[in-house]
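A.B. asks:
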Amino acid sequence: MTTMTTPEITPLQLRDITLTSRLVVGTGKYPDYETMQTALDESGCSAVTVAVRRERLVDDQGRSILDFIDCDKYTILPNTAGCFTAQDAVRVARLGRDILEQLGNAGSSWVKLEVLGDKTTLLPDPVGTLEACKELVADGFSVMCYSSDDPIMATRIRDAGATCVMPAGSPIGTGRGIAIPCAIKLCIDLLKKPEHGGDPNYPVIVDAGVGTPSDVTVAMELGADGVLLNTGIAHAKDPIQMARAMKLACDAGYHGFRSGRIPRKLHATASSPWDGTIAGE
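Everything in the sequence shown is counted per our numbering, starting at 92 for the first residue and increasing by one.
In structure tokens:
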């Protein structure tokens, strides 16, 4: 009897952090910390994001979110969610560094940078994002930078020293998936293809707007190195089952992209050759 084995996922190297899973999961919006804890485990992720602005907040039972995240298992990536100016984002990033240094977590020198333009769209402010990125890089941070799907902006962020560019699939929390696949593909091509001035090893992670496992697969099939999501799992009717589904979808998209899809054609192509078929009388 032949035993089928699952192909291995090559770990994603982000400077001094190794991600054994290409899926990064957020820790907000869950109904309770226990659900979050189980969902993180089922997702198979090795890195999680934590909004530093709410880290010191506790639930109605007086419990801290960090009590439910295994610092030995997960790299914690502090994020600057809720910041609308470069100055505020830099301040919050430094606060996150202080907190994680006390915990001895590998993510202490990292930040998932968000500088938002407004509360309606939650789209990134390109000017504030670039300003904060440059200042944080100069301060020694490894910056994972949330960006729009504008490929030119993506290259500006890379050139500012960001360790990773994270173009949005669609606005945060919308569940609309990859709204403009061609824009994401352009970001990936400009950042990763040598003929366009890119580096094949430069990491691009799609962030925001993912609602279903198929959205994750599409992002990976476009050539993304990973996907970061939160709401798609946390607000699902069954977050734990959805976390499992997102893991499988990420793995499927990873292998699908590397397998090399067939080209799209206008006309049909028979699966079996016409030669040698049995002809009727």
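Glycine included, every Cβ here is placed at the ideal spot set by N, Cα and C.
Between which two residues does the alpha helix (DSSP H) containing residue 279 stretch?
C.D. replies: 272-283
A.B. asks: Does DSSP classify residue 362 as helix, strand or coil?
C.D. replies: coil
A.B. asks: Is residue 161 helix, strand or coil by DSSP?
C.D. replies: Coil.
A.B. asks: What would DSSP say about residue 237, mapped onto helix, strand or coil?
C.D. replies: strand
A.B. asks: Can you have a look at residue 146 and say buried or exposed, based on whether 16 or more other CB atoms are within 10 angstroms of its CB?
C.D. replies: The pLDDT assigned to residue 146 is 49, lower than 50, so where the model puts this residue is not dependable; a value taken from the coordinates is nonetheless given after this. Classification for residue 146: buried.
A.B. asks: Given a cut-off of 9 Å on the beta-carbon distance, is the pair residue 317 and residue 106 in contact?
C.D. replies: no
A.B. asks: Give a yes or no on whether the C-beta atoms belonging to residue 273 and residue 256 are separated by under 9 Å.
C.D. replies: Result no, Cβ atoms of residue 273 and residue 256 do not sit closer than 9 Å.
A.B. asks: To the nearest angstrom, report how far apart residue 264 and residue 156 are at their CA atoms.
C.D. replies: When rounded, the separation of the alpha-carbon atoms in residue 264 and residue 156 is 21 Å.
A.B. asks: Return the Cβ separation of residue 344 and residue 300 in integer angstroms, given the expectation that the two are a contact with Cβ distance under 8 Å.
C.D. replies: The beta-carbon distance between residue 344 and residue 300, rounded to whole angstroms, is 16 Å. This is too long to meet the 8 Å contact definition.
A.B. asks: So the alpha helix (DSSP H) residue 324 belongs to, where does it begin and stop?
C.D. replies: 322-325
A.B. asks: To the nearest angstrom, how far is it from the Cα of residue 247 to the Cα of residue 135?
C.D. replies: The straight-line gap from Cα to Cα measures roughly 32 Å.
A.B. asks: Below 7 Å CB to CB, which residues in the same chain sit around residue 326 once its five sequence neighbours on both sides are set aside?
C.D. replies: 120
A.B. asks: Straight-line CA distance for residue 160 to residue 182?
C.D. replies: 23 Å
A.B. asks: Expressed to the nearest angstrom, what Euclidean distance is found between the alpha-carbon atoms of residue 187 and residue 310?
C.D. replies: Distance between residue 187 and residue 310, taken at the CA atoms: about 29 Å.
A.B. asks: Around the C-beta of residue 275, are 16 or more other C-beta atoms found within 10 angstroms, so that it is buried, or is it exposed?
C.D. replies: Label assigned to residue 275: buried.
A.B. asks: Mind checking whether residue 219 and residue 234 have CB atoms under 9 Å apart?
C.D. replies: Against a cut-off of 9 Å, the Cβ pair of residue 234 and residue 219 comes out as no contact.
A.B. asks: Does the distance from the CB of residue 172 to the CB of residue 226 come in under 9 Å?
C.D. replies: Inclusion of residue 172 and residue 226 in the CB contact set at 9 Å is not warranted, their separation being larger than that value.
A.B. asks: Which partner residues does residue 104 have in the DSSP bridge list?
C.D. replies: According to DSSP, residue pairing for residue 104 in a beta bridge involves 109.
A.B. asks: Comparing C-alpha positions only, which one of 314, 313 and 340 sits nearest to residue 320?
C.D. replies: 340
A.B. asks: Are the beta-carbon atoms of residue 281 and residue 223 separated by less than 9 Å?
C.D. replies: no
A.B. asks: Please classify residue 204: does DSSP put it in a helix, a strand, or coil?
C.D. replies: strand
A.B. asks: Could you tell me which residues DSSP puts in a beta bridge with residue 170?
C.D. replies: 142 and 203
A.B. asks: Mind checking residue 308: buried by the 16 CB within 10 Å criterion, or exposed?
C.D. replies: buried
A.B. asks: Would you mind sorting residue 211 into buried or exposed? The rule is 16 or more other CB atoms within 10 Å of its CB.
C.D. replies: exposed
A.B. asks: At the level of alpha carbons, what is the spacing between residue 296 and residue 259?
C.D. replies: 9 Å
A.B. asks: Tell me whether residue 302 is buried or exposed, calling it buried when 16 or more other Cβ atoms sit within 10 Å of its Cβ.
C.D. replies: buried
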